Amino acid sequence: MGHKIGLAIIILVVFTGVVAGLVYAPGSPGLPYLSPTYQAQRVIFQYEGPTALGLIYEVLYVPNTPTLIIILGANGSQTRYGGVWTYGASSAQQVFPSPVTISNARTYLVIPANPCPDQSKIPTAGFDVHIGLYTDSPLNSLIFKFACIKGLYLGAVTLGNPHIVIPNLAQSNTSGQESLNLTSYIFQNSMNVTLTIKNTGSVGLGLVGYYVKDTANNQYSQSFWGPLISPGSTADASILISNACASCSLSGASFLFTAARTYFVILVTARNNLVIFALTE
Numbered sequence: 064m065g066h067k068i069g070l071a072i073i074i075l076v077v078f079t080g081v082v083a084g085l086v087y088a089p090g091s092p093g094l095p096y097l098s099p100t101y102q103a104q105r106v107i108f109q110y111e112g113p114t115a116l117g118l119i120y121e122v123l124y125v126p127n128t129p130t131l132i133i134i135l136g137a138n139g140s141q142t143r144y145g146g147v148w149t150y151g152a153s154s155a156q157q158v159f160p161s162p163v164t165i166s167n168a169r170t171y172l173v174i175p176a177n178p179c180p181d182q183s184k185i186p187t188a189g190f191d192v193h194i195g196l197y198t199d200s201p202l203n204s205l206i207f208k209f210a211c212i213k214g215l216y217l218g219a220v221t222l223g224n225p226h227i228v229i230p231n232l233a234q235s236n237t238s239g240q241e242s243l244n245l246t247s248y249i250f251q252n253s254m255n256v257t258l259t260i261k262n263t264g265s266v267g268l269g270l271v272g273y274y275v276k277d278t279a280n281n282q283y284s285q286s287f288w289g290p291l292i293s294p295g296s297t298a299d300a301s302i303l304i305s306n307a308c309a310s311c312s313l314s315g316a317s318f319l320f321t322a323a324r325t326y327f328v329i330l331v332t333a334r335n336n337l338v339i340f341a342l343t344e
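For the sequence shown, my numbering begins at 64 and goes up steadily by one.
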């Protein structure tokens, strides 16, 4: 128990439109003169939740650039992803210009969301980062982690078919920018955590609901009308689960806040933005 400092601040916004840079290679595994080729580092990844949304085959990144390559497929006919979020390092924390549909075919997804720091800042033992590809309907995430590597072993990777290249992540399409900082949090007990949050955006921000997920992808959710937090102001938000939250909906198995485990709290704003924080008991 006690005060902790938040690890990540992520604003996720749902968009519609056409994905800029959508490219399909004419053949698999792709030809160098037809498909982009990268000098990339392959990493060993580990799931941090169930694989109901999809399966990941390989993860690669291009050092000292934003480029992250995820080779994946849907665990079913298709999965539509709205964006990416990370914690554990500095990274792009936004959404795709338009949702990306991944079929059950092995697909190369290239996004500017490499969470690894500059090579000079990676310790010899490596640097752990955590990534989630999220869906908005229903809200869910395919979460995994890997270690950024100090000693590089780069190899040429030519994108196969199909592949999707997203050169830029989207900015908010609303007037003003919503942004929240998690200044501290305290676990009151196994069913209650209090967040102290500060509005660092340029507009007033109201909270209308939250989700709480464990690393097994079990989830509590609740809709409520929280306070309107004006720019520069700080407020407390009580996040309840299990028997402490009679009005919560449960997806999956019930759980309690347990020492040394990580939980993801997803706040829903009145503008339908999602703000995700990773908390460790």
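Virtual Cβ for every residue (Gly too), placed ideally from N, Cα, C. Remember, predicted model here, so these are calculated numbers, not experimental data.
In the DSSP annotation of this structure, Y216 is not part of any beta strand (DSSP E), being labelled neither H nor E.
Beta-bridge annotation (DSSP): Y101 is paired with V220. The three-state secondary structure of S204, taken from DSSP, is strand.
In the DSSP assignment, Y110 is bridged to F207. In the DSSP assignment, Y124 is bridged to Q104 and L131. DSSP places S305 within a helical segment (H, G or I) once states are collapsed to three. Counted as a single uninterrupted DSSP element, the beta strand (DSSP E) harbouring K276 occupies residues L268 to D277.
Relative to V275, the option among N138, T343 and P290 whose CA is nearest is T343.
Between the alpha carbons of A103 and P160 lies a distance of about 25 Å. The three-state reading of DSSP puts S183 in helix, counting H, G and I together. T332 is bridged by DSSP to L270. Straight through space, the alpha carbons of L205 and Y110 are spaced by roughly 8 Å. When C-alpha distances from A137 are compared across P129, P126, T114 and W148, the shortest belongs to T114. Between P180 and C211 the beta-carbon gap is near 7 Å, inside 8 Å, which marks them as a contact. When rounded, the separation of the alpha-carbon atoms in V122 and V228 is 15 Å. Going by beta carbons, G117 and L131 fall outside the 7 Å limit.
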